[in-house]
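Structure, as structure tokens:
Number of protein chains: 2
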Amino acid sequence: MNTTRRTFLAAAATVSVAGAANAGAPAAVSNYPKLVHHVFFWLKNPNSKEDLAKLLAGLRTLAKIETVRGVHFGVPASTEKRDVVDNSYSASEILFFDDTAGQKVYQDHPIHKKFVEDCSHLWERVVVYDAISA
Amino acid sequence: MNTTRRTFLAAAATVSVAGAANAGAPAAVSNYPKLVHHVFFWLKNPNSKEDLAKLLAGLRTLAKIETVRGVHFGVPASTEKRDVVDNSYSASEILFFDDTAGQKVYQDHPIHKKFVEDCSHLWERVVVYDAISA
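Structural data, given as structure tokens:
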């Protein structure tokens, strides 16, 4: 077991098992804070490395918001191409929160508003998925 | 700073800063393994709590695959309804891997194949997003 795996199992120990569906399932522990906010961005200029860099730099500022418990910023991975895989987006933003209240603080936060103000001209489409541990 | 936040900052220390776009940005460290595999499922019977429980139980078995570094299984959160938010799905599966090779091991793993065999009759649509840290 490597250091990263140990760290994630340690993190799992801080999160309680949620919901009756978990009963009897040892793998039912979520390793992460309960609320995940996943946003996909499609750039107006998908081939512009400069626009992508601007967007990613803007996204990184969101990590400073106090209710954010974890972040992952990315681009499409070079995994196998399959019909079910959508790799058409330009950038991916994952933020973890403890709960919906934490996500609301982020949504209304000046840092988030500044990000939208500075970067929204770069994208033509955004899709948001909010999921809560189950 | 609470325990959860400390744990994630500790996790961040195990992941190297990736890419030139990070230069000079202290919030540029990804707290998680580099590759995120996010799958959304739409059930054939979206109102069936039994089918949802079966799907979630199947998803939890995936955490046992040896290249999986972290998991989050969820359902739509009760965050604010906005045009950009898609809350039409039934279940969300997030798996973190160190790299695309780790994701490929999962993709071809007997536990994953058994999950598809046992549960694919439950869903009518799946969308997969694979993102790599940037």
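Protein chains in written order, with the numbering used here: chain B, 1 to 134; chain G, 1001 to 1134.
Where a beta carbon is used, it is the ideal one built from N, C-alpha and C, also for glycine.
Every value quoted in this text rests on a predicted model; they were computed, and no experiment measured them.
Would you kindly check if the distance between the Cβ of residue j and the Cβ of residue i is under 8 Å?
i, j, result
"B:Ile94", "G:Gly1074", "no"
"G:Leu1035", "G:Thr1100", "yes"
"G:Trp1042", "G:Glu1124", "yes"
"B:Tyr106", "B:Val71", "no"
"B:Val128", "G:Val1128", "no"
"B:Leu56", "G:Ala1134", "yes"
"G:Lys1054", "G:Leu1122", "yes"
Pull up the DSSP beta-bridge partners for residue i, would you.
i, result
"G:Asp1130", "G:His1037"
"B:Phe97", "B:Leu35"
Buried or exposed: which applies to residue i, given that a residue is buried once 16 or more other Cβ atoms fall within 10 Å of its Cβ?
i, result
"B:Ser92", "buried"
"G:Asp1051", "buried"
"G:Ser1170", "Residue coverage of chain G in this structure runs from 1001 to 1134, which leaves residue 1170 of chain G outside it and unanswerable."
"G:Pro1076", "buried"
"G:His1038", "buried"
"B:Pro110", "exposed"
"B:Arg60", "buried"
"G:Lys1114", "exposed"
"G:Thr1007", "Low confidence applies here, because G:Thr1007 scores a pLDDT of 42, under 50, leaving its location unreliable; read the following figure in that light. Result: buried."
"B:Ser30", "Unreliable placement is indicated for B:Ser30, whose pLDDT of 45 sits below 50; no coordinate value is reported for it."
Our contact map puts residue i next to residue j with C-beta atoms below 8 Å; I'd like the distance itself, whole angstroms only.
i, j, result
"G:Phe1096", "G:Pro1033", "4 Å"
"B:Gln103", "B:Asp86", "No, B:Gln103 and B:Asp86 are not in contact; Cβ-Cβ is about 23 Å, not under 8 Å."
Problem set entry | Entirely enclosed beta strand (DSSP E) segments - the region 32–95 of chain B, minimum 3 residues | Listed in chain order, the complete beta strand (DSSP E) runs (minimum 3 residues) inside the region 32–95 of chain B are 35–43, 70–76.
Exercise. Relative to chain A, which residues along the region 74–91 of chain B have a C-beta separation below 9 Å, given in chain order?
Worked result: No chain A appears in this structure, whose protein chains are B and G.
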